[in-house]
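The sequence shown stops at residue 157 when you use the numbering used here, and every number in between is there.
All C-beta atoms, glycine included, are put in the ideal place defined by N, C-alpha and C.
Source: prediction; values computed, not measured.
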Amino acid sequence: MPFFKTIRWVVWKDLISEWRTRETMSSMLFFALIVILVFSFSFSMDQDAARQLIAGIIWVAFTFTGIIGLGKSFTSELQNDCLESLQMCPAPKGAIYLGKVAANFLFMLSVEILLFPLFVLFFNLDVIEAVGTLLIIFFLATLGLSAVGTLFSA
Numbered sequence: 004m005p006f007f008k009t010i011r012w013v014v015w016k017d018l019i020s021e022w023r024t025r026e027t028m029s030s031m032l033f034f035a036l037i038v039i040l041v042f043s044f045s046f047s048m049d050q051d052a053a054r055q056l057i058a059g060i061i062w063v064a065f066t067f068t069g070i071i072g073l074g075k076s077f078t079s080e081l082q083n084d085c086l087e088s089l090q091m092c093p094a095p096k097g098a099i100y101l102g103k104v105a106a107n108f109l110f111m112l113s114v115e116i117l118l119f120p121l122f123v124l125f126f127n128l129d130v131i132e133a134v135g136t137l138l139i140i141f142f143l144a145t146l147g148l149s150a151v152g153t154l155f156s157a
C-alpha cells in the first residue's frame, strides 16, 4: 500500500472510530472545561495576576488535555488487538505512525480551537491583534506534542 494512502486510511479509521464512540473528544473537552473554570474562579478577584499567568494556564490546560487524548488514542487498539494487526500489516510503519500523529493532532487542535474563545471570555483577554501569531504557535506546539506523545503512548 502506498505511503500517503496508508496515512489517509489510518487517519480515517481514527476519525470514524471517534465519531462512533465520541469517547476521546468528550473527555478532552470536559477536562479542559473544568481546568478553565477552576483557573477562572481562582483568579476572578485578581485580574492582574491572571494576565501574568495566562500563558501558563493555557498551556497547562492544552497539554494535559492532549495527554488525555493521547492516552485514549491507543486504548481501543489494545482492547481490540488492532495494534497487533497494525504491526503485522504490510503497510509502512512510518505511515502508520504519521497517520496516528495526524489523527491525534486533529483531535487536539480541534479542542484547542473550541476552548480558546472560552479562555478569552473568562479571562477578559484582548487578543485581536495577536490571533495570527497565536494560531501559528498553537499549530506548531500541538504538532510537536502529538508527534512525541504518539511515539510514547504506543
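Here Met111 is buried: its Cβ has 16 or more other Cβ atoms, across all protein chains shown, within 10 Å.
In the structure shown, Phe126 adopts coil according to DSSP, grouped into three states. Counting the other Cβ atoms within 10 Å of the Cβ of Phe108 gives 16 or more, which makes it buried. A residue is called buried when at least 16 other Cβ atoms come within 10 angstroms of its Cβ; Ser76 meets this threshold and is buried. Cβ contact annotation for Ile61 (same chain, cutoff 7 Å, sequence separation greater than five): Phe122, in chain order. In this structure, the straight-line span from the alpha carbon of Leu128 to that of Val41 is close to 17 Å. When the Cα atoms are used, Gln82 and Val38 turn out to be separated by approximately 29 Å. Taking Ala53 as the centre and dropping the five residues before and after it, the same chain places the C-beta of Phe46 and Phe126 closer than 6 Å to its C-beta, in chain order.
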